[in-house]
Amino acid sequence: MNSNNNRLASRLGLFVLLGVTLMPGLQAQPAPVEEIRPGILRGYLAQSELPNALGIIPPVPEADSAAFAWEQSVNQRLLGLRDTPRWALAVLDNDLSFPSAAGTFSCALDMPINQQDTPYLYQLLRRTLPDAGLATYSAKDHYQRTRPFVTNGEPICAAGQEETLSTDGSYPSGHTAIGWAWALILSELAPERSEEIFKRGLAFGDSRMVCNVHWPMDVIQGQIVAAATVAVLQSNPDFTNDMQQAAREIAAFSGRGMPANRNCEEEAAALVIVVPR
Numbered sequence: 255m256n257s258n259n260n261r262l263a264s265r266l267g268l269f270v271l272l273g274v275t276l277m278p279g280l281q282a283q284p285a286p287v288e289e290i291r292p293g294i295l296r297g298y299l300a301q302s303e304l305p306n307a308l309g310i311i312p313p314v315p316e317a318d319s320a321a322f323a324w325e326q327s328v329n330q331r332l333l334g335l336r337d338t339p340r341w342a343l344a345v346l347d348n349d350l351s352f353p354s355a356a357g358t359f360s361c362a363l364d365m366p367i368n369q370q371d372t373p374y375l376y377q378l379l380r381r382t383l384p385d386a387g388l389a390t391y392s393a394k395d396h397y398q399r400t401r402p403f404v405t406n407g408e409p410i411c412a413a414g415q416e417e418t419l420s421t422d423g424s425y426p427s428g429h430t431a432i433g434w435a436w437a438l439i440l441s442e443l444a445p446e447r448s449e450e451i452f453k454r455g456l457a458f459g460d461s462r463m464v465c466n467v468h469w470p471m472d473v474i475q476g477q478i479v480a481a482a483t484v485a486v487l488q489s490n491p492d493f494t495n496d497m498q499q500a501a502r503e504i505a506a507f508s509g510r511g512m513p514a515n516r517n518c519e520e521e522a523a524a525l526v527i528v529v530p531r
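One rule links them: number in the working numbering = place in the sequence shown (from 1) + 254.
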C-alpha cells in the first residue's frame, strides 16, 4: 500500500424490519471486503484507475491574486459561525468514520442507513470514500497548500487534528470530494430525492470552510475531483452491482416513516444558516 493510502486511512441484518421484506434478487449481505486500514474498506478502484486531480484542476490561486483575496474575505466572514448550529454540523461532517458518517445523507434520503438494514448502501458509502479521497492526492501532494487556520490562527472544528492537518495539503479538499461523490451517487439512486441530496452534499463541502480547514477553491475543486471519480466508477462491475442492490434498499426504506440516523430537525435548522461567499 502506498503512502497516500496510509495517510488517508489514518484519518479517516436481515432486510426484514417493520414489515419491509427482501425484494427479489436482493441479497441480505454483500460479500466481505478487506480493510486497507482499521475501519477503512478497500475502494472499488485501483490506484492506477483513480483520476489524476493534478491534470484536471487548475493551479492554486496566487497569493497576490483577486481569487485569493476573495477566499480570504470568505474565510473571515465564516469565522463568525463558530459555536453556532452550523459549526456543530461541521463538527459532524468532519468525522468520516463509520457508522457516524453513514448518517450524513440519512435525513436527505428520509431513511436509516446502517450495516444491518441497508448493507449494500452502507458498503457503497464506505468503499467510495477511499476512491474519492485518494483521488485528490496527486494535487494535494503537489501543491501542499497551507490551510486557513495555519494562516489566521483561529480554532478549527476538528479539535486535536491541528498538527496532522497542518502538514496535509489543503488543495483540493478530500472531505469535499468524498461528500460530493456520495451526493452524485445517491442522486442517481434516488432521483426523486435529488434536491435534498444535493443540498446536503453542498453543505458537506461548505462545512470544510466553516471548520476553518479549507479555502473556497479547495472545496470547489474537490467537487470536480468527485465528479471525475464517479465517472470512472460507472464502469466498475462491483460498483454497479452494489448500486443496483443499494437502489432496492432505498426503494424499500426511503419515505417509510422510519427514524433517520440523526436528528433531522436539528440538521434542517443548521442548514438554514447561510454560509457567506
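Don't be surprised by glycine CBs; every beta carbon is placed ideally from N, CA and C.
The structure displayed is predicted, hence computed values, not measured ones.
Identify the continuous alpha helix (DSSP H) that holds I478 and give its terminal residues. P470 to L487 is the span of the alpha helix (DSSP H), which, as asked, contains I478.
I need the straight-line Cα distance from S508 to L335, nearest angstrom please. So the alpha carbons of these two residues sit roughly 32 angstroms apart.
Cβ contact (3+ pairs, closer than 8 angstroms) linking the region 473–490 and the region 381–396: Of all C-beta pairs linking the region 473–490 to the region 381–396, three or more are shorter than 8 angstroms, placing the two stretches in contact.
Leaving out five residues on either side along the sequence, give the residues of the same chain with a beta carbon under 8 angstroms from the beta carbon of L419. R401, F403, I410, A412 and V467, listed in sequence order.
Please list the terminal residues of the continuous alpha helix (DSSP H) segment that includes E521. Where E521 is concerned, the enclosing alpha helix (DSSP H) stretches over C518 to V526.
According to DSSP, which residues form a beta bridge with R291? Paired residue(s): I294.
For D364 and L510, the rounded distance between their alpha carbons: The question names Leu, yet the displayed sequence has Arg at residue 510. Cα to Cα, R510 sits roughly 8 angstroms from D364.
Could you pull out every unbroken alpha helix (DSSP H) segment of at least 4 residues lying fully inside the region 330–400, listed in chain order? If you keep only unbroken alpha helix (DSSP H) runs of at least 4 residues inside the region 330–400, you get 339–348, 360–363, 373–388 and 391–397.
S351 and R516: beta carbons closer than 7 angstroms? No, Cβ-Cβ distance for S351 and R516 is not below 7 angstroms.
Is R380 closer than 7 angstroms to G297 when the C-beta atoms are compared? In this structure, G297 keeps its C-beta atom at 7 angstroms or more from the C-beta atom of R380.
CB-CB under 7 angstroms to S424, same chain, minus the five flanking residues each way: which ones, in chain order? Around S424: R399, T400, R401, H468, W469 and D472.
For M512, tell me which candidate among A285, A386, N368 and P312 has the shortest Cα-Cα distance. M512 has its Cα closest to that of N368, out of A285, A386, N368 and P312.
Presumed contact (8 angstroms Cβ cut-off) between A527 and L443, rounded CB distance: The sequence shown places Ile at residue 527, rather than the Ala named in the question. The pair is not a contact, with the Cβ atoms about 28 angstroms apart (cut-off 8 angstroms).
Between the region 428–437 and the region 451–464, can you find at least three pairs of beta-carbon atoms closer than 8 angstroms? These segments touch.
Beta-carbon within less than 6 angstroms of S427's beta-carbon, same chain only, minus the 5 sequence neighbours each way: which residues are those? Answer for S427: R462, H468, D472, V473 and G476, listed in chain order.
Please say whether P313 and F322 have beta carbons closer to each other than 7 angstroms? Contact flag unset, no.
Report the residue from L343, N306 and P284 whose alpha carbon sits nearest the alpha carbon of A482. Looking only at L343, N306 and P284, the smallest Cα-Cα distance to A482 is reached by N306.
Indicate the three-state DSSP secondary structure (helix, strand or coil) for M463 in the structure shown. Three-state DSSP puts M463 in a helix.
Check this for me: beta carbons of A524 and L332, under 7 angstroms apart or not? At the C-beta level, A524 and L332 stay beyond 7 angstroms of one another.
What do you get for K453, buried or exposed, if any count of 16 or more other CB atoms within 10 angstroms of its CB means buried? Exposed, because fewer than 16 other Cβ atoms sit within 10 Å of the Cβ of K453.
Could you tell me how far apart the beta carbons of E450 and A362 are, in whole angstroms, since I believe they sit closer than 8 angstroms? Right, the Cβ-Cβ distance comes to about 4 angstroms (below 8 angstroms), so this counts as a contact.
Alpha helix (DSSP H) segment containing P491, residue limits: Segment P491 to F507, the alpha helix (DSSP H) holding P491.
Note the first and the last residue of the continuous alpha helix (DSSP H) segment covering S420. Segment E416 to S420, the alpha helix (DSSP H) holding S420.
Contacting residues, own chain, Cβ-Cβ under 6 angstroms from E408 (five flanking each side not counted): Counting only Cβ-Cβ distances below 6 angstroms, and skipping sequence neighbours, we find L333 and N466.
Exposure label - T358; buried when at least 16 CB within 10 Å: The residue is buried, with at least 16 neighbouring Cβ atoms inside 10 Å.
Candidates A501, Q488, D496 and V464, of which the one nearest V328 by Cα: For the residues A501, Q488, D496 and V464, the minimum Cα distance to V328 belongs to V464.
Do A480 and A386 have their beta-carbon atoms positioned less than 7 angstroms apart in this structure? Cβ atoms of A386 and A480: closer than 7 angstroms.
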